Amino acid sequence: AVRRLLEAAMSAGHTVIVTNAMDGWVQTSARRWIPGVLPLLRKVPVVSTRTERGVPRYSGKPDLWKVQAFKEVLQGLDHKNSVKNLIAMGDSDFEIIAAHAMSKELGQAAAIKTVKLKAAPTAQELRKELDLMVEQFDQILESTHDFKIDFTTVNNKNNKNNNNKSTSLL
Numbered sequence: 670a671v672r673r674l675l676e677a678a679m680s681a682g683h684t685v686i687v688t689n690a691m692d693g694w695v696q697t698s699a700r701r702w703i704p705g706v707l708p709l710l711r712k713v714p715v716v717s718t719r720t721e722r723g724v725p726r727y728s729g730k731p732d733l734w735k736v737q738a739f740k741e742v743l744q745g746l747d748h749k750n751s752v753k754n755l756i757a758m759g760d761s762d763f764e765i766i767a768a769h770a771m772s773k774e775l776g777q778a779a780a781i782k783t784v785k786l787k788a789a790p791t792a793q794e795l796r797k798e799l800d801l802m803v804e805q806f807d808q809i810l811e812s813t814h815d816f817k818i819d820f821t822t823v824n825n826k827n828n829k830n831n832n833n834k835s836t837s838l839l
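The numbering of the sequence shown is the numbering used here, which starts it at 670 and goes up by one.
Quick look at the structure:
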């Protein structure tokens, strides 16, 4: 499911993974849990908001690190004015905050679409979320309106507010 979602995102446009985890965490996790994704992952820029030693790369509170990282990614785009979609997905509110902060940078031409994944899901739950994202990806991409998808539940006992290690797909 991860591979199919990355392939869909990459075929649709510029794809970046932004994480609040330390440098290398995404690759290490992929190597451990889904090694078949590594060749594809090498083609996707991964931006960590921390250095290898865990020191924040950006100033301010952790909830602003993703905003700063998203801005940095957008500034690096040659065609910033032609961005039609910003799709951010992750298991914390940081992605949603950062995506909506980018609406000011991108203007009204870009649709901001956010996907909130369940925090600390089981492997089966995560697979189901990602499968649904793959199935609906074209519709998400083609929509010209801002919207959000929220896979979280109100009474989730596994959601321990572990927001400092959130990862998003941009």
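Quick reminder that beta carbons are idealized off the backbone N, C-alpha and C, glycines included.
Source: prediction; values computed, not measured.
Cut-off 6 angstroms between Cβ atoms - residues of its own chain near residue i, not counting five sequence neighbours on either side
i    : result
T783 : A757, I765, A768, K817
V752 : L775, A779
A681 : L810
V736 : A767, A770
I703 : V671
Distance between beta carbons of residue j and residue i, contact taken as under 8 angstroms
i    : j    : result
T688 : V715 : 7 angstroms
M679 : V706 : Between V706 and M679 the Cβ distance is about 12 angstroms, and since that is not below 8 angstroms, they are no contact.
L786 : D747 : Contact doesn't hold; Cβ gap of about 30 angstroms is too wide.
With 16 other Cβ atoms within 10 Å as the buried cut-off, status of residue i
i    : result
R719 : buried
V724 : exposed
L686 : Sequence check: residue 686 is Ile here, not Leu. Buried, because 16 or more other Cβ atoms sit within 10 Å of the Cβ of I686.
P790 : buried
K919 : Residue 919 lies beyond the range of the chain shown here (670 to 839); nothing can be said about it.
W734 : buried
Extent of the continuous beta strand (DSSP E) run through residue i
i    : result
V715 : 715 to 717
A788 : Taken as a continuous stretch (DSSP letters only), A788 belongs to no beta strand (DSSP E), as it is neither H nor E.
T697 : Element bounds for T697: not the beta strand (DSSP E) but the alpha helix (DSSP H), 694 to 702.
V742 : From DSSP, V742 is part of no beta strand (DSSP E) but of the alpha helix (DSSP H) over 731 to 744.
F816 : 816 to 819
A768 : Where A768 is concerned, there is no enclosing beta strand (DSSP E), although the alpha helix (DSSP H) it sits in stretches over 762 to 775.
Close Cβ partners of residue i (< 7 angstroms) along its chain, the five nearest in sequence each way excluded
i    : result
D732 : F763, I766
D819 : K785
A677 : V803, F806
T813 : A780
E794 : K787
Check whether residue i and residue j have beta carbons under 8 angstroms apart
i    : j    : result
M771 : F806 : no
V803 : L709 : no
S717 : A690 : yes
L755 : I781 : yes
Limits of the unbroken alpha helix (DSSP H) element including residue i
i    : result
W782 : According to the sequence provided, residue 782 is Lys. The question's Trp does not apply to it. From DSSP, K782 is part of no alpha helix (DSSP H) but of the beta strand (DSSP E) over 780 to 785.
A690 : Run containing A690: none; DSSP gives neither H nor E here.
A757 : From DSSP, A757 is part of no alpha helix (DSSP H) but of the beta strand (DSSP E) over 754 to 759.
A677 : 671 to 681
P708 : 707 to 710
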